[in-house]
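K.L.:
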Amino acid sequence: KAGVTQTPRYLIKTRGQQVTLSCSPISGHRSVSWYQQTPGQGLQFLFEYFSETQRNKGNFPGRFSGRQFSNSRSEMNVSTLELGDSALYLCASSFSQTPNTEAFFGQGTRLTVV
Amino acid sequence: AQRVTQPEKLLSVFKGAPVELKCNYSYSGSPELFWYVQYSRQRLQLLLRHISRESIKGFTADLNKGETSFHLKKPFAQEEDSAMYYCALSYQGAQKLVFGQGTRLTINP
Chain B
327 KAGVTQTPRY LIKTRGQQVT LSCSPISGHR SVSWYQQTPG QGLQFLFEYF
377 SETQRNKGNF PGRFSGRQFS NSRSEMNVST LELGDSALYL CASSFSQTPN
427 TEAFFGQGTR LTVV
Chain E
3 AQRVTQPEKL LSVFKGAPVE LKCNYSYSGS PELFWYVQYS RQRLQLLLRH
53 ISRESIKGFT ADLNKGETSF HLKKPFAQEE DSAMYYCALS YQGAQKLVFG
103 QGTRLTINP
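From first to last, the protein sequence lines are chains B and E.
Each residue of the first sequence is one higher than the one before, starting from 327 at the first, in the working numbering.
Each residue of the second sequence is one higher than the one before, starting from 3 at the first, in the working numbering.
1) Answer with buried or exposed for residue 109 of chain E, where buried requires no fewer than 16 other C-beta atoms within 10 angstroms of its C-beta.
2) Taking only beta-carbon atoms, is residue 97 of chain E less than 7 angstroms away from chain B?
3) Please state whether DSSP places residue 53 of chain E in a helix, a strand or coil.
4) Can you tell me which of B:402, B:363, B:355, B:352 puts its alpha carbon nearest to the alpha carbon of residue 373 of chain B?
5) So, is the C-beta of residue 385 of chain B closer than 7 angstroms to a C-beta in chain E?
6) Would you call the segment 429-440 of chain B in contact with the segment 42-49 of chain E, where contact means no fewer than 3 C-beta pairs closer than 8 angstroms?
7) With a CB to CB cut of under 7 angstroms and the five nearest residues on each side skipped, what residues in its chain are close to residue 4 of chain E?
8) Measure the CB-CB distance between residue 60 of chain E and residue 75 of chain E and report whether it falls below 7 angstroms.
9) The ligand MN heavy atoms versus the CB of residue 41 of chain E: any closer than 6 angstroms?
10) Grouping DSSP H, G and I as helix and E and B as strand, with all else coil, what is residue 410 of chain B?
11) What residues from the segment 45-64 of chain E come within 9 angstroms of chain B, judged by C-beta to C-beta, listed N to C?
12) Judging by CA-CA distance, which residue of B:356, B:397, B:337, B:344 is the nearest neighbour of residue 418 of chain B?
13) Alpha carbon to alpha carbon, what distance is there between residue 103 of chain E and residue 12 of chain E?
14) Quick check on the burial criterion: 16 or more other C-beta atoms within 10 angstroms. Buried or exposed for residue 297 of chain B?
15) Could you name the residues of chain B that residue 88 of chain E contacts, counting a contact when the two beta carbons are closer than 9 angstroms?
16) On the DSSP bridge assignment, give the partners of residue 395 of chain B in chain order.
17) Taking a cut of 9 angstroms between CB atoms, which residues from the segment 26-41 of chain E lie near chain B?
18) Please go through the same chain and pick out, in chain order, the residues whose beta-carbon is closer than 7 angstroms to the beta-carbon of residue 56 of chain E, but skip the five residues on each side of it.
19) Identify every residue that forms a DSSP beta bridge with residue 375 of chain B.
20) Tell me which same chain residues have a C-beta within less than 8 angstroms of the C-beta of residue 337 of chain B, skipping the five on either side of it?
21) Buried or exposed: where does residue 394 of chain B fall if 16 or more other Cβ atoms within 10 Å of its Cβ makes it buried?
22) Whose CA, out of E:63, E:106, E:98, E:97, lies closest to the CA of residue 85 of chain E?
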């Protein structure tokens with residue numbers, strides 16, 4: 327079956343702009359999580375959605391937001407982009423939201439803010 | 003706060019030698035622990051989780067609650083084991099992973 331798909335793969339934006347990233351989970355998976363990966367901070371949890379509801383949120387400013395649709399597809403939005411938002415954004419999906427469930431990761435969207 | 007520490011950023015061993023990637027965590031409750039691996043030009047994927055108590059690709063990891071460690075071990079390294087390895091923790095009934103900084107393992111021929 328198809329894996330987690332993230333679009334676009336690469337993105338270049340200017341400071342102050344906003345951006346929307348998309349994630350299509352594996353069919354049948356209802357939990358979608360987002361992570362930010364940077365060389366300095368590593369992999370950091372952004373938020374998790376399950377059945378269209380945000381279940382958990384990481385320690386990121388309110389400029390970072392997300393949503394999940396009824397078909398489990400998810401989007402994350404970053405407003406008023408800053409240079410420090412340049413990162414690889416990873417989406418992961420899992421069948422359930424129990425903590426021992428395997429998370430399947432997408433290839434990521436590499437965002438560059440100039 | 004929950005934290006995962008991987009003390010070695012880089013680890014290099016020869017083919018056939020034993021490998022141990024260290025992972026320590028801090029969490030007062032009962033965490034779920036994982037090792038994720040990222041091979042070159044591939045996506046991050048699960049290697050193993052402590053609850054399964056399984057051996058994957060010859061790797062094993064034992065949860066030591068007294069030492070709050072979850073080290074990854076393999077008795078005989080192979081060149082295809084070269085990759086980035088991340089230890090991760092999940093807790094509180096949530097699909098929220100706290101990752102260590104990762105260890106880049108290189109197996110020399």
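From the three backbone atoms N, C-alpha and C, an ideal C-beta is built for every residue, glycine too.
P.N.:
By the coordinates alone:
1) Using a 10 angstroms sphere on the CB of residue 109 of chain E, the tally of other CB atoms reaches 16 or more, which defines it as buried.
2) yes
3) helix
4) Check the Cα spacing between residue 373 of chain B and each of B:402, B:363, B:355, B:352: the tightest is with B:402.
5) no
6) The segment 429-440 of chain B vs the segment 42-49 of chain E: in contact.
7) 28, 29, 91, 93, 100
8) no
9) Questions concerning the ligand MN fall outside what the structure shown contains, since it holds no ligand whatsoever.
10) helix
11) 45, 46, 47, 48, 51, 52, 53, 54
12) B:356
13) 11 angstroms
14) Nothing about residue 297 of chain B can be read from this structure; chain B reaches only from 327 to 440.
15) 368, 369
16) Paired residue(s): none; residue 395 of chain B is not in a bridge.
17) Within the segment 26-41 of chain E, the residues whose Cβ lies closer than 9 angstroms to some Cβ of chain B are 33, 34, 36, 38, 40, listed in chain order.
18) 50
19) B:358, B:380
20) Here the set comprises 345, 347, 435, 436, 437, 438.
21) Buried is the call here.
22) E:106
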